[in-house]
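As numbered in full-length UniProt numbering, residues 1 to 310 make up the sequence shown, in order. Think of the CB as a built atom: it goes at the ideal place given N, C-alpha and C, for glycine as much as any other residue.
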Amino acid sequence: MSIVTLALTAQAAYTAQLLHQFPSHLQWVENMALRPNGNILMTTFDQAQIYELNPNNGSPPRLVAALPDADVAIGIAETLPDVFAVEAGHLNRTSYRLDGSGRIDTLDWSRLDCHGRPKVQTVAALPQAKLANGLAALPMHSHLVLSADSITGTIYRTDTSTGHVDVAIHDPKLAPHDNPDPFLTLIGVNGLQTHNGYLYVTSTSARFLGRYKIDSHGNPLSELEILATDGAVFGAVPLDSVSKAKAPTTTPRNGSDYYHDVVFLVDHDGELQRPTAAILSLDETTLYVSTGGRNEEGGKGGQIFAVRLT
1 MSIVTLALTA
11 QAAYTAQLLH
21 QFPSHLQWVE
31 NMALRPNGNI
41 LMTTFDQAQI
51 YELNPNNGSP
61 PRLVAALPDA
71 DVAIGIAETL
81 PDVFAVEAGH
91 LNRTSYRLDG
101 SGRIDTLDWS
111 RLDCHGRPKV
121 QTVAALPQAK
131 LANGLAALPM
141 HSHLVLSADS
151 ITGTIYRTDT
161 STGHVDVAIH
171 DPKLAPHDNP
181 DPFLTLIGVN
191 GLQTHNGYLY
201 VTSTSARFLG
211 RYKIDSHGNP
221 LSELEILATD
231 GAVFGAVPLD
241 SVSKAKAPTT
251 TPRNGSDYYH
261 DVVFLVDHDG
271 ELQRPTAAIL
281 SLDETTLYVS
291 TGGRNEEGGK
301 GGQIFAVRLT
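See below:
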């Protein structure tokens, strides 16, 4: 297994430690977010259940929410301290579309029920999204979240405080493209991440990592810039997630290490079974990677790996 770090022309590989694997092949882990306490939140395609994992104590994840009237929980992003937006809906397992059922819920840890679980509230409908996928909050206006529609190549903007939805970006380059794997041909834009004035995007079928320069409300200020495409790192499986980190180059500036942005791309092999997302720990020393698992009878479910970067 490997994690490939793209840092200008440099590449480095790391080994991964398995933190947990769900027992059922139905428990596909789709996305992750970090709570302020450092615990990992995981969305699943198993009855829209969301789990929390403490990566440091060896305990199994605990169920913290099962989103009502949905069978998948998809993208997740923090909008306020300990408040998270989550995409949800009913997924047609033949067409892999939400068939008008897409929506955004919030999980609020400042409002707990008698079991210590966060309050769940639906804040917006996304019927126009054929397959809502990656989700990212805007740093300067974190109540605004961007949702990637993998079928139409559209990035929707949702105001989680009012429920208003509009189009931030529509680009044919983000729509699905031909791929040797028929399943991957269904999925265009997938992962989203905002960082330092850019929206980073990945395409599953076209197998690229790109970015747009955006304003504080998520409007594009540039055309799509392709940063990486094809190559062995992508293999024939989805490149689903983008994360950021800082890594020193060999060239000092003003007597100290010069830091630049690094993007992590997750490869696939027999142990990393269909990687789906990657996020950094709060101290940026560990990369957490989720997978879908072996989505077939007799297979096991999604996995969570830890990759130590120091």
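Contact defined as beta carbons within less than 8 Å: I believe residue i pairs with residue j. What is the distance between those atoms, to the nearest angstrom?
i	j	result
Gly301	His25	6 Å
Pro61	Gly100	Actually they do not touch by this definition, with Cβ atoms about 31 Å apart.
Ile50	Ala132	Going by Cβ atoms, the distance from Ile50 to Ala132 rounds to 15 Å, so no, they are not a contact pair.
Ile226	Thr204	That belief does not hold up - the Cβ atoms of Ile226 and Thr204 are roughly 15 Å apart, past 8 Å.
Leu67	Ile304	Not quite, the Cβ-Cβ distance comes to about 20 Å (not below 8 Å), so this is no contact.
Gly293	Arg274	7 Å
Ala136	Thr202	12 Å between Cβ atoms; not a contact.
Leu91	Val72	5 Å
Near residue i, what residues of its chain come up, given a Cβ to Cβ distance below 7 Å and the 5 sequence neighbours on each side ignored?
i	result
Phe84	Ala33, Leu41, Ile76, Ala77, Glu78, Thr106 and Leu107
His143	Thr79, Asp159, Thr160 and Ser161
Asp171	Gly153 and Leu224
Leu221	Lys213, Ile214 and Asp215
Ala175	Thr152, Gly153 and Gly188
Thr291	Val29, Leu272, Gln273, Arg274, Pro275, Thr276, Gly302 and Gln303
Pro139	Thr194
Lys130	Arg97, Leu98, Asp149, Ile151 and Thr152
Ser59	none
Asp82	Arg35, Pro36, Trp109 and Ser110
Quick check on this structure: which residue in the options has the alpha carbon closest to the alpha carbon of residue i?
i	options	result
Gly218	Thr291, Ser281, Asp82 and His141	His141
Asn190	Thr310, Thr154 and Asp215	Thr154
Thr160	Val123, Asp71, Lys173 and Leu221	Val123
Val167	Pro180, Val145 and Pro176	Val145
His115	Leu63, Asn31, Thr202 and Asp283	Leu63
Ser281	Val29, His20, Gly38 and Leu18	Gly38
Asn57	His20, Ile104 and Leu138	His20
Pro182	Asp283, Tyr96 and Glu30	Tyr96
Ile104	Thr94, Ala148, Ser110 and Arg93	Ala148
Pro55	Leu91, Ala48, Leu18 and Leu199	Leu18
Asp69	Ser110, Leu98 and Asp82	Leu98
Gln208	Gly197, Leu184 and Ser290	For the sequence presented, residue 208 should be read as Phe rather than Gln. Cα-wise, what sits closest to Phe208 is Leu184.
Ser150	Thr310, Gly134 and Val165	Gly134
Gly89	Ser59, Ala48 and Pro81	Ala48
Glu87	Arg111, Gly102 and Ala65	Gly102
Excluding the 5 residues preceding and the 5 following residue i in the sequence, name in chain order all residues of the same chain whose CB lies nearer than 8 Å to its CB.
i	result
Glu297	His25
Ile279	Met32, Ala33, Leu34, Ile40, Ser241, Ser243, Leu287 and Tyr288
Arg111	Pro118 and Lys119
Gly197	Lys213 and Ile214
Identify the continuous beta strand (DSSP E) that holds residue i and give its terminal residues.
i	result
Thr276	Pro275 to Leu280
Lys119	Pro118 to Ala125
Leu192	Val189 to His195
Phe305	Gln303 to Arg308
Leu144	His141 to Asp149
Thr202	Tyr198 to Ser203
Ser290	Thr286 to Thr291
Lys213	Phe208 to Lys213
Leu227	Glu225 to Thr229
Ala16	Element bounds for Ala16: n/a, residue is neither H nor E.
Asn179	Segment: none, Asn179 is in no beta strand (DSSP E) and carries neither H nor E.
Arg157	Thr154 to Asp159
Asn133	Ala132 to Leu138
Ala168	Val165 to His170
Please go through the same chain and pick out, in chain order, the residues whose beta-carbon is closer than 6 Å to the beta-carbon of residue i, but skip the five residues on each side of it.
i	result
Gln27	Thr44, Asp46, Gly301 and Gly302
Gly163	Val123 and Ala124
His177	Ser205 and Ala206
Lys173	Leu224
Pro118	Leu107, Asp108 and Trp109
Phe22	Gly301 and Gly302
Ile169	Ile155 and Pro220
Thr310	Thr285
Cβ of residue i versus every heavy atom of the ligand ZN: is any distance shorter than 6 Å?
i	result
Glu30	Ligands in the displayed structure: none, and consequently the ligand ZN is not present.
*Please list the segments of the beta strand (DSSP E) lying wholly inside the segment 33-105, counting only runs of 3 or more residues, in order along the chain.*
40-44, 49-53, 62-66, 72-80 and 83-89
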